[in-house]
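Student: Can you keep this structure in mind? I'll have questions shortly.
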Amino acid sequence: MREPFIRNHQYNFIKNQADSVLQALRTVGDPKILESVRLNAQTKVAGLFPDIRDDRKSMLESISDMKTADDFKIYLQALEPYRVAFSPITEQQIRKLFPKNKKLKLPDLTQIDFRSVSYLSWIDISTNKMFVVYHAGGQFVGIEGRYTATHKKSYCFACNRYEELVLFSAVSKKRPAHAVPDYYKSVGNYVCMNGHECNKNMTDVSSLEKFIDSVLG
Numbered sequence: 001m002r003e004p005f006i007r008n009h010q011y012n013f014i015k016n017q018a019d020s021v022l023q024a025l026r027t028v029g030d031p032k033i034l035e036s037v038r039l040n041a042q043t044k045v046a047g048l049f050p051d052i053r054d055d056r057k058s059m060l061e062s063i064s065d066m067k068t069a070d071d072f073k074i075y076l077q078a079l080e081p082y083r084v085a086f087s088p089i090t091e092q093q094i095r096k097l098f099p100k101n102k103k104l105k106l107p108d109l110t111q112i113d114f115r116s117v118s119y120l121s122w123i124d125i126s127t128n129k130m131f132v133v134y135h136a137g138g139q140f141v142g143i144e145g146r147y148t149a150t151h152k153k154s155y156c157f158a159c160n161r162y163e164e165l166v167l168f169s170a171v172s173k174k175r176p177a178h179a180v181p182d183y184y185k186s187v188g189n190y191v192c193m194n195g196h197e198c199n200k201n202m203t204d205v206s207s208l209e210k211f212i213d214s215v216l217g
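For the sequence shown, the residue numbers in our numbering are 1 to 217.
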């Protein structure tokens with residue numbers, strides 16, 4: 001049985017490396033430069049999974065052997081069975097993450113391909129709130145905050161791609177030692193308005209996890 005081991009952001013990273021090699025094949029005439037691009041992609045992909053030593057390592061590293069667009073398509077298709085889905089979550093579990101929101105509007109979970117999800121997010125226009133759900137340390141965590149539309153494109157803090165953004169501001173639960181009773185701190189970042197696109201773009205979760213830690217502690 002094939003055990004999934006490639007998370008969404010890792011699959012996106014591999015896909016980006018495949019696109020880079022394919023672009024080089026189409027535009028680079030110098031064999032030495034082309035070989036360097038191939039080996040660089042192979043090294044980066046292998047570096048995502050330093051503990052893998054079996055046939056999966058060979059499968060991943062074969063990215064350097066691809067020669068045509070069809071080859072890369074087949075390569076990525078071969079990775080599909082190994083993709084890890086976002087941990088299963090129910091509407092009830094989500095509601096428990098946001099107990100103060102009695103009329104919480106939820107996304108349609110049946111319409112989501114959870115293999116392509118690093119984090120769940122959605123906007124509730126009626127309350128002017130954005131909600132984020134992430135799985136870390138064996139459990140789900142939830143963050144809610146205000147969102148402000150920017151009506152412009154820039155670079156998202158989570159996926160680092162040029163997309164239409166909103167300013168997401170959440171109240172930090174971290175409290176310094178000896179903080180006054182009414183201590184208050186808001187933590188904000190510019191994030192993709194469209195969570196689906198953000199998940200498609202993500203190649204690293206470290207910025208997202210850092211933000212979550214700054215809010216939840």
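Think of the CB as a built atom: it goes at the ideal place given N, C-alpha and C, for glycine as much as any other residue. Note that the coordinates shown come from a computational prediction; the quantities given were computed from them, not determined experimentally.
Could you give the first and the last residue of the continuous beta strand (DSSP E) run that contains Y147?
Tutor: If you look at Y147, you'll find it in the beta strand (DSSP E) that goes 139 to 155.
Student: Quickly, what does DSSP pair I212 with across the bridge? List them, please.
Tutor: Answer is none; I212 lacks a bridge partner.
Student: Using the Cα positions of I33 and S186, report the straight-line distance between them to the nearest angstrom.
Tutor: 48 Å
Student: I'd like to know whether the C-beta atoms of F131 and F157 end up nearer to each other than 8 Å.
Tutor: No, these two residues do not count as a Cβ contact at 8 Å.
Student: Near A85, what residues of its chain come up, given a Cβ to Cβ distance below 7 Å and the 5 sequence neighbours on each side ignored?
Tutor: Excluding residues within five positions, the ones whose Cβ falls inside 7 Å are F114, R115.
Student: Is any beta-carbon of chain B found at less than 8 Å from that of K185?
Tutor: Absence of chain B from the displayed structure is noted, only one protein chain being present.
Student: Whose C-alpha, out of A18, D124, Y190, is nearest the C-alpha of T43?
Tutor: A18
Student: Checking 8 Å against the spacing of the C-beta atoms, do F72 and L39 come in under that value?
Tutor: no
Student: Measuring straight from C-alpha to C-alpha, what distance separates V37 and F168?
Tutor: 37 Å
Student: Would you kindly work out how many angstroms separate the C-alpha atoms of T150 and M59, rounded to a whole number?
Tutor: 43 Å
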